Amino acid sequence: MNHKQLLAVIALAIIALCAAEACKKESNSTPATSGTNTNLGMSTTTPATAVQTTFGSNIDLNNLENYAAQAIPAYINRDNGRANPITNKGATLGRVLFYDKALSVNNTIACGSCHKQDLAFGDNVLQSIGVNGLTTRHSMRLVNARFAQEVSFFWDKRAATLEDQTTQPIQNHNEMGYSGQNGDPDITALVARLQGIGYYKQLFAFVYGDATVTEARIQLALAQFIRSIQSFDSRFDAGMASVNNINADFPNFTTQENLGKSLFINPPSPPGTVVTGAGCQTCHRAPTFDIDPNSRNNGVIGVAGSTTLIDITNTNPPSLRNVVNAAGRPNGMYMHNAAFGNLQGVIDHYNQIPFDARNTNLDNRLFRGTQGQTLRLSQAQKDAIIAFLGTLSGNDVYTNKKWGNPFVTN
């Protein structure tokens, strides 16, 4: 064989090899089907294209939103999520789960149905509407849940961790319906259902390395997304950054707001003395404004939707950050039973705590003997505290798309 013949043989071999490889790739690929079931939020595309088809530009797996490395002020020193660190991948999956109505038995309710972004992830109704009825308590705000010292969740602390909490509404018969009660399916049916949805096949593999769906994986992702929801762009944060001393007047505050801050921080004034404090910080600790884990009931014992029942187990309210939006509008109602529609009602309650002998769980900081707390606040002082509470609200949390609904039509 001469030199030219040898080159020809080599060239033919290369061509044959390339053709074989092309055939192999073609045989291993599956043409993508089109279409998304927008009523159920279920993609009928292959996993390779399901995320793009379902979420469009709302989610780009090659350019994820920043959840893991958000700026946190140096004076914030609490973090209850160290056992489940936030990752961009995990929080992205959690965002999808949070807004997906396919997590309810009749495809009508998502976590985001009761925890609305424009209300600091709270709700503006007395009791939230579920698939089989109403919630038994008012839906609490979720902003800055990561920065609470108390790791238990719900108003009554019945969930040991946020991870445990995330799937309890899903398994609640009234809320999302995967309860296994009255003929409804249980959580194992949901796991199987999600396993068959194209975008979850892709997302679970993207996050965990394989497409297996489990309740534990759902919990981890949802908790990462919820803990990522933070708000530190308030006027309070700007003031803290400028003076780094919560007891000093903030230069960006009005006289009224600084008075309100002082009243909030200082302990209640003894009877017969000039009122200089309301003692709010005793339970709602600045600068996170989370609840003291040792707190007991605050004197609100009513049950949502009832005029006769009482409930004294509610001891775990959300952070006071973003109790109103930046314009001063209430982010829903206040207390576990939505007892108050505005902050004036809340301050009036604490100014004169009603004493009820049935409340054997009233916090000992809120009564003396057989009398509820009396702060003797003037209306001007009440208004000052309300003005200060307004400084705890930011702007970004209400509009940032990374915490918004990723479904194009859901």
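Sequential numbering of the sequence shown, starting at 1, is according to UniProt numbering. Cβ atoms here follow ideal geometry from the backbone N, Cα and C, with glycine treated the same way. Keep in mind the model is a prediction, meaning the values are calculated, not measured.
Beta-carbon proximity list for residue i, same chain, < 6 Å, skipping 5 on both sides
i	result
Pro318	Met140 and Arg141
Pro330	Val324 and Asn342
Leu162	Phe153 and Ala223
Gln256	Ala384 and Ala387
Gly328	Gly390
Tyr199	Ser43, Ala50, Val51 and Thr54
Asn124	Gly332
Gly279	Pro267 and Pro268
Residues near residue i by beta carbon distance below 8 Å, same chain, minus five either side
i	result
Asn252	Arg235, Ala238, Gly239 and Ser242
Ile386	Gly260, Leu343, Gln344 and Ile347
Val131	Ser104, Val105, Asn106, Thr108, Ile109, Asn174, Glu175, Met176 and Gly177
Asn74	In the sequence as displayed, the identity of residue 74 is Ala instead of Asn. Around Ala74: no qualifying Cβ.
Ser57	none
Leu64	Asn88, Lys89 and Thr92
Beta-carbon gap between residue i and residue j smaller than 8 Å
i	j	result
Thr166	Gln219	yes
Lys89	Val207	yes
Asp156	Asn314	yes
His138	Gln149	no
Phe250	Asn244	no
Gly277	Pro267	yes
Ser231	Asp396	yes
Phe98	Leu190	no
Ile246	Ala304	no
Val96	Pro406	yes
Leu263	Asn322	no
Cys283	Ser295	yes
Asn400	Leu375	no
Ile129	Thr92	no
Span separating the alpha-carbon of residue i from that of residue j
i	j	result
His173	Asp100	18 Å
Gly302	Phe147	28 Å
Ala71	Gly81	16 Å
Ser179	Gln171	4 Å
Ile226	Gly112	11 Å
Ala102	Met333	28 Å
Ile312	Gly122	22 Å
Met176	Ile187	11 Å
Asn77	Ala248	20 Å
Leu106	Ala145	Note that residue 106 is Asn in the sequence shown, not Leu. Taking the straight line from one Cα to the other gives about 29 Å.
Phe204	Leu320	34 Å
Asp184	Ile197	20 Å
Leu377	Phe388	15 Å
Ala339	Asp233	29 Å
Thr30	Gly94	Only weak support exists for where Thr30 lies, its pLDDT of 32 falling under 50; the value from the coordinates is given anyway. Using only the alpha carbons, I get a separation of about 28 Å.
Arg368	Ile291	21 Å
Asn316	Asn364	16 Å
Asn337	Asp79	28 Å
Outcome for residue i when other beta-carbon atoms lying within 10 angstroms are tallied against a minimum of 16
i	result
Gln344	exposed
Lys25	Model confidence at Lys25 stands at a pLDDT of 35, short of 50, so the residue's coordinates are unreliable; what they give is reported in the following sentence. Counting Cβ neighbours within 10 Å, Lys25 comes out exposed, since fewer than 16 surround it.
Asp210	exposed
Ser133	First, the residue type needs correcting, since residue 133 is Gly and not Ser in the sequence shown. Classification of Gly133: exposed, given that the 10 Å Cβ count is below 16.
Gln379	exposed
Gly394	buried
Leu309	exposed
Gly272	exposed
Asp356	exposed
residue 411	This structure cannot speak to residue 411, because the chain is shown only from 1 to 410.
Ala120	buried
Thr288	buried
Asn182	exposed
Asn66	exposed
Asn359	buried
Same chain, Cβ closer than 7 Å to residue i, neighbours up to 5 away in sequence not counted
i	result
residue 414	Residue 414 cannot be examined here, being either before or after the span of the chain that is shown, 1 to 410.
Gln117	Tyr398, Trp403 and Gly404
Thr87	Ala68 and Gln224
Arg160	In the sequence as presented, Arg is not what sits at residue 160; that position holds Ala. Contacts found: Ser152.
Leu61	Val51 and Phe206
Gln195	Val213
Gln281	Phe264 and Ile265
Arg217	Phe204 and Tyr208
Gln168	Ala159
residue 444	Residue 444 is absent from the model: the chain starts at 1 and stops at 410.
Leu362	Arg296, Asn297 and Gly299
The ligand PLP heavy atom lying under 7 Å from the CB of residue i
i	result
Asp233	For the ligand PLP, the structure offers nothing, since it holds no ligand at all.
Segments of 4+ residues assigned as alpha helix (DSSP H) that fall wholly inside the UniProt domain "Cytochrome c" (255-393): 255-265, 343-351 and 379-390
Could you pull out every unbroken alpha helix (DSSP H) segment of at least 4 residues lying fully inside the segment 189-213, listed in chain order? 198-208
Scan the UniProt domain "Cytochrome c" (89-198) and note each continuous alpha helix (DSSP H) run of 4 residues or more that stays entirely inside, going in chain order. Runs found: 111-114, 162-166, 168-171 and 187-195.
Which complete beta strand (DSSP E) runs does the segment 211-237 hold, if anything under 3 residues is left out? none
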